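Participant: Protein chains in written order, with numbering that gives the first Met the number 0: chain A, 0 to 488; chain B, 0 to 120; chain C, 0 to 498. Here it is, the structure, as structure tokens.
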Amino acid sequence: MTIVSNLPIYAMLVSFLTIFPIIIFGKNQNVREVFTFIAAFTKLYILFNLAKFVLDGNVVVCKLIQVLSFISIDFKVDGFGMLLAIVASSLWIVTSLYSIGYMRSLKEHAQTRYFCCFALALSATMGVAFSANLLTMYLFYELLSLSTYPLVTHNQDQDARTGGRKYLTYLLGTSIGLVLPAMIITYNLTGTLSFNEMGIFGNSIQIGTLTILLIMYLFGFAKAGLLPFHSWLPGAMVAPTPVSSLLHAVAVVKVGVFCIVRILTQIFGINLLSSTHLGTIVCVIAGLTVLVSSLVAISQDNLKRLLAFSTIGQLGYIVLAAGVASKLSVTGSMLHISMHAFGKITLFFCAGAIYVATGKKYISQMVGIGRRMPFTMVAFFIGSLSIIGLPLAGGFLSKWYMVLGTLDVGKSWVMVIYLISSFLNVAYFFPIIYKAFFCTDNESLFPNEIKEAPLAALLPPLVTASITVALFIFPDIFLNLAKIVVGVN
Amino acid sequence: MFEYLITNYNYMVVVFLMMMGLWAMIAKKNLVKKCIGLVIFQTGIILFYISMGAKNNSTIPIIDPKYGEAAINYANPLTQILMLTAIVVGVATLGVGLMLVQRIYKEYGSINEDRILEKFK
Amino acid sequence: MADQFLVLIVLFPLFVGLLIPIIAYFNKSVVWPLAILSLIGSFWAVFNTATQLLKLDPSSSISYYLGNWMAPFGIEYVVDRFNIMVLFAIICVSLLTTIFAKQVIEKELGDNAANFYSLFLLFITGLLGITITGDAFNLYVLLEIASLTSYGLIALGRGRALVATFNYLIMGSMGACFYLLGVGYLFIKTGTLNMDQLYDVLPLLFDSKAVLVGFVFIILGMWVKMAFFPLHSWLPNAYSLAPTAAACLMAPLMTKVSVYVMIRFMLNVFSTEYVYSVLTINNIIVIMSSIAIIAGSIYALSQKNLKKMLTFIIVAEIGYMVGGVWTGHVDGIRGAIYHITADAFMTLCLFMAVGCIVYRVGNDKLESLKGIFKKMPITMICFLVGGFSVIGIPPTCGFFSKWYLISGAFNSGAWYFIIALIISSLINAVLFFRIIEIGFFGAMSNEKPDYKSLQSIKFNEVPINMWLPLVIVSMILIILGIYTNEIMTNFILNIVPMM
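Listed below in structure tokens is the structure:
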């Protein structure tokens, strides 16, 4: 059933309108932060109201304005969009808390600008999640790229300049150079850009054109970090840690894969992908990304860079599962967006907590840290379990669905990629954990005085780690949302 | 062919004038000569219009009992009126052009394009 | 009164423009309000004409015969759904520029300010006249009025402006003469100068060589006037050296009005049948436009001076419009027509913002933009909106014109035009983000940036009558974008015949 409601617009506006009080009360830190939290909780409240409709199997729509003769700025809330929206806005609360602790303890400059851009990025994420057609999605996608630029370059030094330049070059370059023409060609071929469960391409369009379009879309949404358009992500590591967690878990990369999965399932359609070689193309590109990035991750010594490459690999998983194009694997793909978000944000919070407490960035310097910071490292352990896809963490479920999906359509070579990559994940995460806990006192690089990070930096990873475990036991909300949109029971 | 050129000699003159003017505007280094080229070019166009309105065995476009009221006996007045306007426009353009040349001369002490460009360096 | 609106549009700025030198002799302080008043009068006339027009059938037009001499003997003023849009753009741009210009003019010109307004208004008169007239020769006269006043305006500029003006004068007169020559050829064949009548008569003469020559001369003349690459050489120097207020007015309007004249002649004098079916030169011209776009963008990339960079962006944008029209597909033509209005406001926004920067910072070199975001946040946000529009980021209007242009190119198979548009968008993105980077980080890339030195920069925004028009323009850019569909269905759809 279709319900017309303005709730999706309110959900977007909440964080957008917060910008004004944030600017007005910019001088008064406490009042400013209160507004961020009011907005975050209001947004979550609106989203849960919306989720009730969606979980009942409805689709909430709302039309804003007609911009071209057959295209309008339209919003549609289905299970998939709802999933991204809930992940992003619930993590916004945690990240805000963490940001406050991080920014205040380091006495960062331009905090008002930081919180403004953060709120704007959230609005853009909501816009992408709720968009009902490609044009709306593109609009908010660009808004997200632009609003996160000041965040990535927050330090305003030479590294930030280089990283920021790379960030914009990749994101804007691909979206203008590939998505925009692809979108216009799609529109001229089909006369519509609205998302549709069956896909919008009929049978009349040549497979060659479709292949080119597919590749343009895959690489055009560079936020998804598919090889060879991935290197902005490690480059963007110059940003402060809360921003990294925003990039990796809350908004940016999730929006990238969201867009690709949306296009694969609702512009091309699962049937088209599975009945032609298009699905295989997606699998090959994504599979390469998964393997290469995992191999690169093993050789990294900088913890945050390792996490960045790990993210690239996990994004590859999500696209890969969508490319397999069976209902179960698409469910797994959508589910993995939420599972990876909670797992990866835990890891970033831990990396940040280690940095705040000890000032260490490199893995080789972290021998014995588990004894000094046990809570942080336990959280790190849970996060990495989720990324690897082992039981007791949410990541297991999504990978389970992905693997089931490959068996469903008989693409067993994809399963091999999953297995190899999981081993590689183990290979880059477990040494860290092993060195952290299992070493003699002599080997430990940390004196006894080292304690856990301050509470504001310690609490968020613990919260997200426990959510990760909780999602293993009670995955219902995300699982149902994904199942509803795919149509699996 | 030759006969055609002879009978339409006025257009040949027009083309010649226009080419000459255009050449002066583009190739001459002296700014005043450029202005002169502009005027020659415009004169060519004016002659072009005037000659298109002219007719053999016709008179000025004022009704005269001697010639009757048939339009064929009178030159087309419209082209001449148009050219009056065009002449005014041309004079104004020339005026602005010469004013500019004068100010350039005051500022740079030369009206040769190359020498002026040298002064910029 | 009601039937005189058409002529009032032109008369308000004409008379006030002529009166200003006399009034300024007695009292200099009333000149600025007077200029604004005359433009408001003109705006009111345009607005009333538009309301009259929108009540009528979409394909109909309103005519006014000067001196009550019927066409073809008299001069006819016509307003239809095509030029009402251009008229709106012209009058809005002029009004906003005039409001904006006060301090800039006083700072740059001092005692000459009053005479400047006189030229300013006469220039606007010329542009309004070109747009509204239905007579090919009258168009020439008004074109020269606009050109002559613009020579005067540019010559008031700094440094090498005199030489730049002289080059512009030679090129501009050449363009106008070509146009006049072309009209002469049409007149020989048809015996009329009225555009409607030409449209009726010309189909009988489509295989005539004289008509072809006339067409070529008219289009060539307009290309010179609009600075279509490679005939653009006069534009960058002239516009970048002109006084800020003059550049703000001329850069958005003069080239766009020339594009309007070209499209007017292609659609409403020669008819689409002649242009796209009888002549088979589409592809060559689209290729030329693609080259123009790429060349303009690359030149823009190599500039170190903000205004000069913008002038080369104009050269590229001209390529957009010429290419769009010549794709010969409905979408391309619609895109080009939409882009006339959109680009007028885009260019205005950028030039005004640069005007504000120059007013506060003192020069327009890229490196002097250090810390500009903190110093002039309003100006810079508007500048960014303009920049985003040039890049083509939704929901600004630049995105939608690009949408139509690319659609047109796709449907007519002109893939090179698509590539040119995309490359130009990417280069524009580089251009504007370079500015963002300098404004945000401070020093150029070879020095070590330091945000602590940026913190000492204080908020120092321009006066309200400068930033308010700027904010309005940047909002217009977004509003135009959001209401693209309305503009298309109400105006542009009726202009372009289905092919």
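Even glycine gets a Cβ: it sits at the ideal position worked out from N, Cα and C. Quick caveat: nothing in here was measured; it's all calculated off a predicted structure.
Helix, strand or coil for Val-389(C), going by three-state DSSP, please let me know.
Facilitator: Locating residue 389(C) in the third sequence gives position 390, where the first residue counts as 1. Val-389(C): helix per DSSP, three-state reduction.
Participant: Which bits of chain C does Leu-30(B) rub up against, with CB to CB less than 8 Å?
Facilitator: The residue you call residue 30(B) lines up with position 31 of the second sequence. Within 8 Å Cβ-Cβ: Phe-165.
Participant: With contact counted as at least three CB pairs below 8 Å, one residue from each stretch, are the segment 182-199 of chain A and the segment 423-439 of chain C in contact?
Facilitator: As far as the Cβ criterion goes, the segment 182-199 of chain A does not touch the segment 423-439 of chain C, which means the pair count is below three.
Participant: Answer yes or no: the CB of Ala-350(A) versus the heavy atoms of the ligand COA, is any distance below 8 Å?
Facilitator: This structure lacks the ligand COA; in fact it carries no ligand of any kind.
Participant: Could you give the distance in angstroms between the alpha-carbon of Asp-490(A) and the alpha-carbon of Ala-118(A)?
Facilitator: Past the edges of chain A, shown from 0 to 488, lies residue 490(A), and the structure says nothing about it.
Participant: Residues of chain B with CB closer than 9 Å to the CB of Met-221(C), please, in chain order.
Facilitator: On the third sequence, residue 221(C) is found 222 positions in, with the first residue counted as 1. Chain B residues near Met-221(C): none, gap ~16 Å exceeds 9 Å.
Participant: For the segment 305-344 of chain A, list the alpha helix (DSSP H) runs that are entirely contained and at least 4 residues long, ordered along the chain.
Facilitator: none
Participant: In chain order, what residues of the same chain lie with their CB nearer than 8 Å to the CB of Phe-15(A), ignoring the 5 residues before and after it?
Facilitator: For the purposes of this step, residue 15(A) is identified with residue 16 of the first sequence, where counting begins at 1. The answer, listed in chain order, is Ala-118, Leu-119, Ser-122.
Participant: Classify Gln-196(C) as buried or exposed, calling it buried when 16 or more other Cβ atoms lie within 10 Å of its own Cβ.
Facilitator: In the third sequence, counting from the first residue as 1, residue 196(C) sits at position 197. Answer is buried; the Cβ neighbour count reaches 16.
Participant: Which whole runs of the alpha helix (DSSP H) in the segment 90-165 of chain A are 4 residues long or more, in chain order?
Facilitator: Qualifying alpha helix (DSSP H) stretches, in chain order: 110-129, 133-151.
Participant: Pairs of beta-carbons, one from the segment 260-267 of chain A and one from the segment 292-301 of chain A, closer than 8 Å: are there three or more?
Facilitator: no
Participant: Which residues, taken in chain order from the segment 45-70 of chain B, show a beta carbon closer than 8 Å to some beta carbon of chain C?
Facilitator: Phe-47, Tyr-48, Met-51
Participant: Out of Lys-410(A), Phe-422(A), Ile-381(A), point me to the one whose CA is closest to Ala-464(A)'s CA.
Facilitator: On the first sequence, position 465 is the one that residue 464(A) refers to. The candidate whose alpha carbon is nearest that of Ala-464(A) is Ile-381(A).
Participant: Are the beta-carbon atoms belonging to Ile-217(C) and Phe-186(C) less than 9 Å from one another?
Facilitator: As a working mapping, residue 217(C) is identified with position 218 in the third sequence. As a working mapping, residue 186(C) is identified with position 187 in the third sequence. No, Cβ-Cβ distance for Ile-217(C) and Phe-186(C) is not below 9 Å.
Participant: With 16 other CB atoms within 10 Å as the buried threshold, where does Val-95(B) fall?
Facilitator: In the second sequence, residue 95(B) corresponds to position 96, counting from 1. That one is buried.
Participant: Kindly say whether Ser-288(C), judged by its beta-carbon, lies nearer than 9 Å to any beta-carbon of chain A.
Facilitator: The residue you call residue 288(C) lines up with position 289 of the third sequence. Closer than 9 Å: no.
Participant: Determine, for Ile-505(C), whether the minimum Cβ-Cβ distance to residues of chain A falls below 9 Å.
Facilitator: Here chain C covers residues 0 to 498 and nothing more, so residue 505(C) does not appear.
Participant: For Asn-111(C), which residues in chain A fall below 7 Å Cβ to Cβ?
Facilitator: Position 112 of the third sequence, counted from the start, is the residue given in the question as residue 111(C). None at all; the shortest Cβ gap to chain A is about 42 Å.
Participant: Between Val-100(B) and chain C, is the shortest Cβ-Cβ distance under 9 Å, so that the two count as touching?
Facilitator: Here residue 100(B) refers to the residue found at position 101 of the second sequence. Yes, Val-100(B) counts as interfacial toward chain C.
Participant: Spatial neighbours of Ser-444(C) within its chain, please: C-beta separation below 7 Å, excluding the five flanking residues on both sides.
Facilitator: On the third sequence, position 445 is the one that residue 444(C) refers to. For Ser-444(C), the predicted structure reports a pLDDT of 44, less than 50, and the residue's modelled location is therefore unreliable. The matter cannot be settled from this model.
Participant: Please say whether Ile-312(C) and Ile-371(C) have beta carbons closer to each other than 9 Å?
Facilitator: The residue given as residue 371(C) occupies position 372 in the third sequence. The residue given as residue 312(C) occupies position 313 in the third sequence. Result no, Cβ atoms of Ile-371(C) and Ile-312(C) do not sit closer than 9 Å.
Participant: Opposite Cys-247(C) in the DSSP bridges: which residues?
Facilitator: Translated into the one-based positions of the third sequence, residue 247(C) becomes position 248. DSSP, once it has assigned bridges, lists no residue as partnering Cys-247(C).
Participant: May I ask you to report which of helix, strand or coil DSSP gives Leu-67(A)?
Facilitator: As a working mapping, residue 67(A) is identified with position 68 in the first sequence. In the three-state reduction of the DSSP assignment, Leu-67(A) falls in the strand class, which pools E and B.
Participant: On the three-state DSSP scale, how would you describe Ser-527(A)?
Facilitator: Outside the shown range of chain A, which is 0 to 488, sits residue 527(A), and nothing can be said about it.
Participant: State the DSSP-derived secondary structure class of Ser-62(C), mapped to helix, strand or coil.
Facilitator: As a first step, residue 62(C) must be located in the third sequence, where it is residue number 63. Strand.
Participant: Out of Asn-29(A), Leu-246(A), Gly-126(A), which has the shortest C-alpha to C-alpha gap to Leu-6(A)?
Facilitator: Here residue 6(A) refers to the residue found at position 7 when the first sequence is read from its first residue. With distances taken between Cα atoms, Leu-6(A) lies closest to Gly-126(A).
Participant: Tell me whether the beta-carbon of Phe-432(C) lies closer than 9 Å to the beta-carbon of Leu-171(A).
Facilitator: Looking up residue 432(C) in the third sequence gives position 433. Looking up residue 171(A) in the first sequence gives position 172. Judged by beta-carbon spacing, Leu-171(A) lies within the 9 Å limit of Phe-432(C), meaning their Cβ atoms are closer than that value.
Participant: Along the chain, where does the beta strand (DSSP E) that runs through Tyr-9(A) open and close?
Facilitator: On the first sequence, residue 9(A) is found 10 positions in, with the first residue counted as 1. Going by DSSP, Tyr-9(A) is part of no beta strand (DSSP E) but of the alpha helix (DSSP H) stretching over 6-23.
Participant: Could you name each continuous alpha helix (DSSP H) segment of 4 residues or more that falls completely within the segment 343-404 of chain C, going from the start of the chain to the end?
Facilitator: 371-374, 376-390
Participant: Is the segment 449-457 of chain A touching the segment 406-420 of chain A, taking contact as three or more C-beta pairs under 8 Å?
Facilitator: no
Participant: Can you confirm whether Arg-164(A), when its beta carbon is compared against all beta carbons of chain C, has any partner nearer than 9 Å?
Facilitator: As a working note, residue 164(A) is residue 165 in the first sequence. With 9 Å as the cut-off, Arg-164(A) counts as an interface residue toward chain C.
Participant: Got a sec? Which residues, its chain only, sit under 7 Å from Gly-486(A) by beta carbon, not counting five neighbours each side?
Facilitator: To locate residue 486(A), count along the first sequence from 1; it is residue 487. Taken in chain order, the residues that qualify are Lys-326.
Participant: So does the segment 87-102 of chain C actually touch the segment 244-257 of chain C, counting three or more Cβ pairs closer than 8 Å?
Facilitator: yes
Participant: Along chain C, which residues have their Cβ under 7 Å away from the Cβ of Met-24(B)?
Facilitator: Your numbering for residue 24(B) matches position 25 in the second sequence. What Met-24(B) touches in chain C: Ile-169, Met-173.
Participant: Going by beta-carbon coordinates alone, are Ile-131(C) and Tyr-76(C) separated by less than 9 Å?
Facilitator: Residue 131(C) sits at position 132 when you count from the first residue of the third sequence. Residue 76(C) sits at position 77 when you count from the first residue of the third sequence. Their beta carbons are under 9 Å apart, which means Ile-131(C) touches Tyr-76(C) by this criterion.
Participant: In chain D, which residues lie with their C-beta within 7 Å of the C-beta of Lys-33(B)?
Facilitator: Annotation note: the requested chain D is absent from the structure, which comprises protein chains A, B and C.
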